[in-house]
Structure formats: C-alpha cells, structure tokens
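K.L.:
Input: one structure, supplied below.
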Amino acid sequence: MKESSKIITRKEAIQKIGKYSKYAALTSLATYMILHPKSAQAMSDAPDDGLGIGF
C-alpha cells in the first residue's frame with residue numbers, strides 16, 4: 003500500500019475542518035484544562051468568604 007504525502011496549505015486545512023472546527027477548539031480547550039488544572043485554576047477568580055452563599 004502506497005502512502006501519499008500531499009502537503010496542504012493552512013487555508014486548505016481550515017476548509018477541510020469546516021464545521022468541526024468549533025468541536026476541535028472545545029475539545030482542545032477541555033484537554034488543556036484537564037492536563038493543566040493548576041494553570042486553569044490560577045485563571046479563575048478567588049473564592050468568596052461567604053462559604054457558599056449565593057448558590
């Protein structure tokens with residue numbers, strides 16, 4: 003079986019992704035947050051001293 007290694011441009015790659023681009027972006031963001039929880043936590047606001055008030 004012969005593999006074809008056609009090099010495509012960035013524009014062609016984006017066109018091929020098409021409607022799946024939002025899904026890919028969301029998946030990559032979720033993966034980043036799972037693999038790097040401390041940096042994702044550092045981006046969030048500090049908790050209130052209300053101890054659960056406002057739920």
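In this text, residue positions in the sequence shown follow my numbering: the first is 3, and each later residue adds one. Using N, Cα and C, we set each Cβ at its ideal position, and we do this for glycine too.
(1) Which whole-angstrom value is the C-beta distance of Ile16 and Ala26, which I expect to be below 8 Å?
(2) At which residues does the alpha helix (DSSP H) containing Lys21 begin and terminate?
(3) Quick one: grab the DSSP three-state call for Ser7.
(4) Which value, in whole angstroms, describes the spacing of the CA atoms of Glu14 and Lys8?
P.N.:
Taking the coordinates as given:
(1) Not a contact, Cβ separation roughly 11 Å.
(2) Careful: Lys21 lies outside any alpha helix (DSSP H) and carries neither H nor E.
(3) coil
(4) 12 Å
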